[in-house]
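Take any residue in the sequence shown, count from 1 to its spot, add 1: that is its number in our numbering.
Note that CB positions come from ideal geometry on N, CA and C, so glycine has one too.
Since the model is a prediction, treat every value here as computed from it, not as a measurement.
Read through the structure below, which is laid out as structure tokens, and then see the notes.
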Amino acid sequence: MAKETVEQWATRILLHAHAIKPCPDCGYMKLNFSFHGLDYAHALAQCDSYPRMSKAKCVEAVDAVFDSLGDECPACE
Ligand SMILES: [Zn+2]
2 MAKETVEQWA TRILLHAHAI KPCPDCGYMK LNFSFHGLDY AHALAQCDSY PRMSKAKCVE
62 AVDAVFDSLG DECPACE
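Structure representation (structure tokens):
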């Protein structure tokens, strides 16, 4: 099994928390408006943390992926 990168891990956490969602047409990730999505993602990041990474770094990694995404799918515009 291929090792999951930090970005893949953070994307999985954000998807699980419904903080982001894939575009139904092309699969690009975009932000999902949910007031608690990011809070939930932070909580998940701390209990399902990336191997050998501190909880604080895990939360930062989740924020980095979240901040890199927009409200609109880049391929649909
Ligand atoms: Zn799209």
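So, with DSSP's three-state summary, where would you put residue i?
{"i": "residue 59", "result": "helix"}
{"i": "residue 72", "result": "coil"}
If we count the other Cβ atoms within 10 Å of its Cβ and call it buried at 16 or more, is residue i buried or exposed?
{"i": "residue 38", "result": "buried"}
{"i": "residue 62", "result": "buried"}
{"i": "residue 65", "result": "exposed"}
{"i": "residue 20", "result": "buried"}
What are the start and end residues of the alpha helix (DSSP H) that includes residue i?
{"i": "residue 45", "result": "38–48"}
Using a Cβ-Cβ distance under 8 Å, would residue i count as near chain D?
{"i": "residue 11", "result": "Structure shown: chain D not included; a single protein chain is present."}
Can you list the beta strand (DSSP E) stretches of 3 or more residues lying completely in the segment 5–36, in chain order? Restricting attention to beta strand (DSSP E) runs no shorter than 3 residues, the segment 5–36 encloses them at 21–23 and 30–32, ordered along the chain.
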